[in-house]
Amino acid sequence: MPLVKGGAEIANDCTFVPDGGALPDSGRFSVSFGRYLGLKQGRENGPLPDGIRLAPADDPAQLEPFLPEIALIEVDFPRYTDGRGFSQAQLLRRRYGYCGEIRAVGHVLRDQIFYMHRSGIDAYETRRAGLPEVLEALAEFTEAYQPAVSGPAAIFRKRDGA
Amino acid sequence: MYRYDQFDARIVRERVAQFRGQVARRLSGELPEDEFKPLRLQNGVYLQLHAYMLRIAIPYGQLSPVQLRCLAEIARDYDRGFGHFTTRQNIQFNWVALKDIPDVLEKLAEVEMHAIQTSGNCIRNTTTDHFAGAAQDEVLDPRAWCEIIRQWSTFHPEFAFLPRKFKIAVTAAEHDRAAIRVHDVGLHIRQKDGQVGFEVHVGGGQGRTPHIAALVNPFVPEAQILDYLEAIMRVYNRYGRRDNKYKARIKILVSELGEAEYIRQVEEEFAAQRPGEKIDLPASEVARIHAYFAPPDLAPQPVVSKTLEAAKAADPAFARWTRANLHPHKVAGFATVTVSLKPIGAAPGDATDTQMEIVADLAEKYGYGDIRVSHAQNLILPHVALDDLPAVYAALDAAGLGAANESRITDMIVCPGLDYCNLANARSIPVALAVQKVFADPAYEEDIGKLHINVSGCINACGHHHVGHIGILGVDKKGEEFYQILLGGRADEKAALGEIVGPGLKADAVPAAIHRVVEFYRAERTSPAEKFIDTLERLGHQRFQEALYAAG
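Keeping their order, the protein sequence lines are chains P and D. Positions 1 to 162 (our numbering) are the ones given, in order, by the first sequence. Positions 1 to 552 (our numbering) are the ones given, in order, by the second sequence.
Set out below in structure tokens:
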């Protein structure tokens with residue numbers, strides 16, 4: 001599955017370890033938010049992960065205290081019609097000021113990527129869209145009405161400033 | 001009316017190009033149907049029984065003559081010569097080929113129209129009072145705020161994959177003609193201490209589990225309304241049910257949480273917004289959009305028009321039409337005209353290409369270039385001088401648009417039903433037409449007075465049967481169509497859900513049953529001034545029910 005970030009296709013060096021799976025001795029990895037809390041609070045012994053994978057029902061507010069030490073948050077879209085990940089990304093960026101990588105994983109398709117980008121997601125592990133498709137999707141709209149995390153500035157500000 | 005600037009125009013053009021690409025990928029097989037479906041739906045493209053259907057947005061029901069002529073052209077060139085106006089004040093075409101849809105969208109873009117978010121699990125076309133800007137009882141023209149909401153909700157990056165569709169309606173009049181209490185969000189614009197604000201209702205809806213909306217906030221100042229809507233949307237996007245399509249609307253979230261807890265969650269989310277999250281719409285932008293909706297320059301005329309009075313005296317049919325299809329206007333000497341799309345014997349809400357062009361011409365010549373679509377599936381000319389009414393009527397009547405039945409028993413809201421729709425269990429249009437026939441005598445219909453009959457071909461309730469004074473719901477029982485009758489629904493400021501009164505009837509028994517109910521009303525009303533719904537509320541349902549089922 002292609003991984004696109006910052007205008008380039010990059011190698012995925014982070015492995016997701018499902019709950020109950022053995023934590024690796026080396027290499028970058030991510031775990032569920034619940035497991036992260038267990039590791040952090042000493043209920044499970046082991047290395048701390050590099051990333052946290054958020055399930056759609058997870059509440060970003062509970063993640064807030066840990067954000068400074070988290071390099072990567074994977075927002076999971078189990079079905080691409082499930083839009084909760086867009087709210088999670090917006091909250092992480094705009095309410096809790098998270099600056100690390102937010103990566104969309106799961107059922108990630110070309111035609112969601114513009115919205116993901118605007119919601120604050122900056123890396124896309126897609127089902128099959130490669131670099132050209134992702135770049136095309138990001139360029140499909142040059143204007144946007146509402147303020148958001150990134151992408152075009154809100155039209156009404158441009159109107160006001162113009 | 002609102003006109004696109006460079007930004008609006010660019011967004012719509014970019015959307016056309018995007019959809020052209022999506023269709024090409026679908027036709028080449030690169031995009032499988034299950035992944036294409038949400039994309040085409042957000043562009044108003046449904047796969048229906050016979051063909052693709054294209055639903056075109058008519059934001060808050062407003063059209064210019066140029067736009068209506070463009071719709072006529074599409075009807076002629078890409079459909080079978082007619083279009084169907086919908087209860088969301090939109091229009092749909094039932095016979096457009098998928099490969100042609102990008103070209104149709106391109107044509108629409110040229111007249112500042114689109115099909116964005118006319119379907120799918122996103123924020124749909126915002127609807128409003130079809131008399132907006134002309135009605136005497138509004139505190140201000142609600143269309144400017146509808147346009148602001150249209151822009152805010154268009155391609156909103158966070159709310160494009162909601163649990164389910166989302167519909168917003170706005171009114172600024174005490175008498176609610178926009179059915180705000182049966183919408184996901186209903187906004188009533190009010191003025192308090194010189195300030196404009198919104199009374200916010202959430203969680204109304206029809207479908208299989210109808211609800212009247214909860215009053216969530218009595219007054220949100222206008223400067224905060226978009227932020228408040230964001231809070232409503234975010235709570236819904238995060239916590240609305242996604243496990244069951246039929247429990248996914250916001251009404252279920254509100255009812256499962258309970259009103260108090262739901263309100264607490266919205267208020268908590270609203271209070272948590274940080275300054276950087278606020279939409280902070282500049283006052284200049286609000287003023288800019290309001291300016292587009294400045295009223296036309298109407299010079300007040302005498303309240304009594306001699307031309308009109310003479311024409312009424314000369315032609316009883318015209319006189320009857322003026323009694324039924326006119327609504328009082330803000331400016332003396334003017335009236336708001338309803339162009340009925342419910343002639344006896346035709347599919348409710350349909351208009352042919354020629355009819356659309358005639359209405360466009362009339363709007364240009366007599367109506368200050370303003371046309372509206374009502375949620376009752378009629379067209380409106382909001383500003384017509386009383387002196388011009390005879391000419392307007394003559395042209396309408398010659399085009400088969402002269403029915404004198406606005407808000408009368410033959411002015412029914414009817415879904416397309418089993419004849420067109422994938423979801424339907426029963427036919428709607430034939431049963432509606434059979435009922436219409438019973439009341440086809442204009443004098444009889446006028447004597448009955450105001451009475452809304454709404455007909456749906458399945459429990460999804462596209463024909464609004466829950467809020468008809470009389471509702472008719474088609475159901476399928478072991479392969480046979482039956483019709484359940486509901487009594488006592490209403491969609492206005494006293495919104496109420498109709499109650500099913502007893503066992504379903506076969507299609508051929510429906511007209512006589514409705515006739516008995518109406519005759520019972522006529523016998524029991526205190527005077528012809530007492531409306532059907534008022535008599536029903538005074539006497540209760542029981543005796544009407546007996547009339548309904550009385551041996552015929």
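By construction, the Cβ of each residue, glycine as well, lies at the ideal position given by its N, Cα and C atoms. Quick caveat: nothing in here was measured; it's all calculated off a predicted structure.
(message) Any beta carbon of chain P sitting closer than 8 Å to that of residue 156(D)?
(response) Here residue 156(D) corresponds to residue number 156 of the second sequence, with the count starting at 1. Yes, because at least one Cβ of chain P sits closer than 8 Å to the Cβ of residue 156(D).
(request) Could you tell me which of 428(D), 401(D), 384(D), 17(D) sits nearest to residue 297(D), measuring between CA atoms? (result) Taking the first residue of the second sequence as 1, we reach residue 297(D) at position 297. 384(D) is the residue among 428(D), 401(D), 384(D), 17(D) whose C-alpha sits nearest the C-alpha of residue 297(D).
(message) Can you give me the C-alpha to C-alpha distance between residue 93(P) and residue 42(D), rounded to a whole angstrom?
(response) In the first sequence, residue 93(P) corresponds to position 93, counting from 1. In the second sequence, residue 42(D) corresponds to position 42, counting from 1. One Cα belongs to residue 93(P), the other to residue 42(D), and the distance between them is close to 27 Å.
(request) Say whether chain D places a C-beta atom closer than 8 Å to the C-beta of residue 81(P). (result) Sequence index remark: in the first sequence, residue 81(P) carries index 81 (1-based). For residue 81(P), the closest Cβ of chain D is nearer than 8 Å.
(request) Can you have a look at residue 447(D) and say buried or exposed, based on whether 16 or more other CB atoms are within 10 angstroms of its CB? (result) Within the second sequence, numbered from 1, the residue matching residue 447(D) stands at position 447. With fewer than 16 Cβ atoms within 10 Å of its Cβ, residue 447(D) is classed as exposed.
(request) Output yes if chain P places a C-beta closer than 8 Å to the C-beta of residue 101(D); else output no. (result) As a position in the second sequence, residue 101(D) is number 101, starting the count at 1. Residue contact with chain P for residue 101(D): absent (no Cβ-Cβ distance below 8 Å to any residue of chain P).
(message) Once DSSP output is grouped into helix, strand and coil, what is the label at residue 352(D)?
(response) For the purposes of this step, residue 352(D) is taken as the residue at position 352 of the second sequence. Strand.
(request) Kindly indicate which residue of 495(D), 330(D), 527(D), 541(D) has the alpha-carbon position closest to the one of residue 517(D). (result) Within the second sequence, numbered from 1, the residue matching residue 517(D) stands at position 517. Comparing Cα-Cα distances from residue 517(D) to each of 495(D), 330(D), 527(D), 541(D), the minimum goes to 541(D).
(message) I need the straight-line Cα distance from residue 235(D) to residue 8(D), nearest angstrom please.
(response) On the second sequence, position 235 is the one that residue 235(D) refers to. On the second sequence, position 8 is the one that residue 8(D) refers to. Distance between the alpha carbons of residue 235(D) and residue 8(D): 29 Å.
(message) I'd like to check one pair, residue 91(D) with residue 83(D): are the Cβ atoms closer than 8 Å?
(response) Taking the first residue of the second sequence as position 1, residue 83(D) is located at position 83. Taking the first residue of the second sequence as position 1, residue 91(D) is located at position 91. Taking 8 Å as the Cβ cut-off, residue 83(D) and residue 91(D) qualify as a contacting pair.
(message) Please classify residue 32(P) as buried or exposed, where buried requires at least 16 other C-beta atoms within 10 Å of its C-beta.
(response) Position 32 of the first sequence, counted from the first residue, corresponds to residue 32(P). Looking at its Cβ environment, which holds 16 or more other Cβ atoms inside 10 Å, residue 32(P) is buried.
(message) Suppose you measure from the CA of residue 122(P) to the CA of residue 101(P); what does that come to, to the nearest Å?
(response) Counted from its first residue, the first sequence places residue 122(P) at position 122. Counted from its first residue, the first sequence places residue 101(P) at position 101. Roughly 6 Å separates the two Cα atoms.
(request) Label residue 336(D) either buried or exposed according to how many other C-beta atoms from any shown protein chain fall within 10 Å of its C-beta, with 16 as the threshold for buried. (result) Counted from its first residue, the second sequence places residue 336(D) at position 336. It is buried - the Cβ of residue 336(D) has at least 16 other Cβ atoms within 10 Å.
(request) Using only alpha-carbon positions, find the residue among 182(D), 544(D), 394(D), 85(D) that is nearest to residue 308(D). (result) Position 308 of the second sequence, counted from the first residue, corresponds to residue 308(D). The shortest C-alpha separation from residue 308(D) is found at 394(D).
(message) For residue 73(D), which residues in the same chain have their Cβ closer than 8 Å to its Cβ, ignoring the five residues on either side in sequence?
(response) Taking the first residue of the second sequence as 1, we reach residue 73(D) at position 73. Within the same chain, residue 73(D) has close Cβ partners 107, 353.
(message) Closer than 8 Å is the cut-off here; do at least three beta carbon pairs connect the segment 264-273 of chain D with the segment 285-299 of chain D?
(response) As far as the Cβ criterion goes, the segment 264-273 of chain D does not touch the segment 285-299 of chain D, which means the pair count is below three.
(message) Would the segment 437-451 of chain D count as touching the segment 492-503 of chain D if we require 3 or more Cβ pairs under 8 Å?
(response) Under the Cβ criterion (8 Å, minimum of three pairs), the segment 437-451 of chain D does not count as touching the segment 492-503 of chain D.
(message) Measuring only the C-alpha atoms, how far is residue 15(P) from residue 48(P)?
(response) To locate residue 15(P), count along the first sequence from 1; it is residue 15. To locate residue 48(P), count along the first sequence from 1; it is residue 48. Taking the straight line joining both Cα atoms gives about 13 Å.
(request) Alpha carbon to alpha carbon, how far is residue 405(D) from residue 366(D)? Give it in angstroms, no decimals. (result) Taking the second sequence and counting its residues from 1, one reaches residue 366(D) at position 366. Taking the second sequence and counting its residues from 1, one reaches residue 405(D) at position 405. CA-to-CA, the gap between residue 366(D) and residue 405(D) works out to about 22 Å.
(request) Pick out whichever of 340(D), 330(D), 192(D) has its Cα sitting closest to the Cα of residue 303(D). (result) As a position in the second sequence, residue 303(D) is number 303, starting the count at 1. The residue with the shortest Cα to Cα distance from residue 303(D) is 330(D).
(request) Please go through the segment 122-154 of chain P and give each complete beta strand (DSSP E) segment of 3 or more residues, from N-terminal end onward. (result) Counting only runs of 3+ residues, the beta strand (DSSP E) found wholly inside the segment 122-154 of chain P occupies 123-125, in chain order.
(request) For residue 69(P), count neighbouring Cβ atoms within 10 angstroms of its own Cβ and tell me buried if that reaches 16, exposed if not. (result) The sequence position of residue 69(P) within the first sequence is 69, counting from 1. Its Cβ having fewer than 16 others within 10 Å, residue 69(P) is exposed.
(message) Distance cutoff 8 Å, beta carbons only. Does residue 358(D) sit that close to anything in chain P?
(response) In the second sequence, counting from the first residue as 1, residue 358(D) sits at position 358. At least 8 Å separates the CB of residue 358(D) from every CB of chain P.
(request) Give the interface partners of residue 279(D) over in chain P, defined as CB-CB distance under 9 Å, in chain order. (result) If you number the second sequence from 1, residue 279(D) lands on position 279. Correct list: 146, 147, 154, 156.
(message) Give me, in chain order, the residues of the same chain whose beta-carbon lies closer than 6 Å to that of residue 97(D); leave out the 5 immediate sequence neighbours on both sides.
(response) By 1-based counting over the second sequence, the position of residue 97(D) is 97. There are no such residues.
(request) Out of 117(D), 248(D), 45(D), point me to the one whose CA is closest to residue 99(D)'s CA. (result) Position 99 of the second sequence, counted from the start, is the residue given in the question as residue 99(D). Residue 99(D) has its Cα closest to that of 45(D), out of 117(D), 248(D), 45(D).
(request) Look at the alpha carbon of residue 481(D) and the alpha carbon of residue 82(P), and state the distance between them as a whole number of angstroms. (result) Walking along the second sequence from the start, residue 481(D) turns up at place 481. Walking along the first sequence from the start, residue 82(P) turns up at place 82. If you take the alpha carbons of residue 481(D) and residue 82(P), they lie about 36 Å apart.
(request) At 7 Å on the CB atoms, spell out the chain P contacts of residue 284(D), in chain order. (result) Taking the second sequence and counting its residues from 1, one reaches residue 284(D) at position 284. Per Cβ cutoff of 7 Å: 160.
(message) For a cutoff of 8 Å on Cβ pairs, would you count residue 74(P) as touching chain D?
(response) Your numbering for residue 74(P) matches position 74 in the first sequence. No, residue 74(P) does not count as interfacial toward chain D.
(request) Identify whether residue 300(D) lies in helix, strand or coil by the three-state DSSP scheme. (result) Here residue 300(D) is taken as the residue at index 300 of the second sequence, counted from 1. Note: residue 300(D) maps to coil in three-state DSSP.
(request) To the nearest angstrom, report how far apart residue 149(D) and residue 226(D) are at their CA atoms. (result) Sequence index remark: in the second sequence, residue 149(D) carries index 149 (1-based). Sequence index remark: in the second sequence, residue 226(D) carries index 226 (1-based). Rounded to the nearest angstrom, the two C-alpha atoms are 8 Å apart.
(message) Can you tell me whether residue 350(D) is buried or exposed? The criterion is at least 16 other CB atoms within 10 Å of its CB, across all chains shown.
(response) In the second sequence, residue 350(D) corresponds to position 350, counting from 1. By the neighbour-count rule (16 or more Cβ atoms within 10 Å), residue 350(D) is buried.
(request) Measure the C-alpha to C-alpha separation of residue 40(P) and residue 6(D) and round it to an integer number of angstroms. (result) Residue 40(P) sits at position 40 when you count from the first residue of the first sequence. Residue 6(D) sits at position 6 when you count from the first residue of the second sequence. C-alpha separation (whole angstroms): 52 Å.
(request) Measure the Cβ-Cβ separation of residue 90(P) and residue 119(P) and say whether it is below 8 Å. (result) In the first sequence, the residue the question calls residue 90(P) occupies position 90. In the first sequence, the residue the question calls residue 119(P) occupies position 119. Yes, they are a contact pair.
(message) Taking the beta strand (DSSP E) that residue 34(P) belongs to, which residues open and close that run?
(response) The residue given as residue 34(P) occupies position 34 in the first sequence. That residue, residue 34(P), is in no beta strand (DSSP E); its alpha helix (DSSP H) goes 33-40.
(message) Would residue 250(D) and residue 318(D) be called neighbours here (beta carbons separated by less than 8 Å)?
(response) Counted from its first residue, the second sequence places residue 250(D) at position 250. Counted from its first residue, the second sequence places residue 318(D) at position 318. For the 8 Å CB-CB criterion, residue 250(D) and residue 318(D) do not form a contact.
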